[in-house]
Amino acid sequence: MSVAELLRPVVDLHRRDPGRLLQILREAQEILGYLPRPALTAIAEALDLPRARVEGVAGFYSFLHLAPVGRYRVLFSDNVTDRMLGSVELMDRLCNRLWVERGKLSEDGLLSVDTTSCTGMCDQGPALLVNGQVLTRLSAERIDRIGELIRAQVAMADWPPEWFHVADN
292 MSVAELLRPV VDLHRRDPGR LLQILREAQE ILGYLPRPAL TAIAEALDLP RARVEGVAGF
352 YSFLHLAPVG RYRVLFSDNV TDRMLGSVEL MDRLCNRLWV ERGKLSEDGL LSVDTTSCTG
412 MCDQGPALLV NGQVLTRLSA ERIDRIGELI RAQVAMADWP PEWFHVADN
């Protein structure tokens, strides 16, 4: 089955509406794991949009991926506040412990680590996202434990629930 055929139900569900491009891209990524060039071309053709526009939208958002990412996608906040609170050192620590380079997919496909401009949690930083779920008030010890859970491939539903607590300010 071609990429266009795989994505046809998604595009049809959204009535081939170019205004729904971002949602279509999200759903296409859920199906494919990332957004390869043939997917961007198929979506552009189905919506009658320039391919450059579709690629521009896909490249703008950190939650959309133009290259394969790990089963665990870790994004550290890269804003000034989180940097002052040690996010760069914590990211380096996780990368070193798990033998992965920032911005690269681990050899086993398990993990990718990168930055995002903001998690919206700088008041509870340093913070990161793992597969879109926020973890706040990070420490070296918590980073070590996160690394252990990822390496053991523990489902996030089985991670300590208090890690996902976000204070109501």
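Heads up: the sequence shown begins at 292 in the numbering used here, then just goes up one per residue.
Even for Gly, the Cβ is constructed at its ideal location relative to N, Cα and C.
Small disclaimer: the values here were computed from a predicted structure and weren't measured.
Check	Outcome
7 angstroms Cβ cutoff met for A333 and A295	yes
Three-way DSSP call (helix, strand, coil) for V348 in this model	helix
Selection from D399, P417, G400 that minimises the alpha carbon distance to T407	P417
8 angstroms contact criterion, which L401 and Q444 should meet: CB distance rounded	7 angstroms
Beta-carbon gap between L366 and D405 smaller than 7 angstroms	yes
I315 at chain B interface by Cβ criterion, 7 angstroms	This model lacks chain B altogether; it includes just one protein chain.
Where R364 sits in the DSSP three-state scheme	strand
Cβ pair A337, A330 closer than 7 angstroms	no
Bounding residues of the alpha helix (DSSP H) (the contiguous stretch that carries V379)	378 to 389
Inter-residue Cα distance where the pair is D479 and L298	This structure cannot settle anything about residue 479, because the visible part of the chain is limited to 292 through 460.
Pick from L304, R384, I315 that is closest to R433, judged by C-alpha positions	R384
Counterpart residues of D405 in DSSP-defined beta bridges	L366
Buried versus exposed call for D373 [16 or more other C-beta atoms within 10 Å across all chains shown]	buried
Sub-7 angstroms separation of T410 and S368 beta-carbons	yes
R362 versus R388 - alpha carbon distance	17 angstroms
Reduced DSSP secondary structure (H/G/I, E/B, other) of Q444	coil
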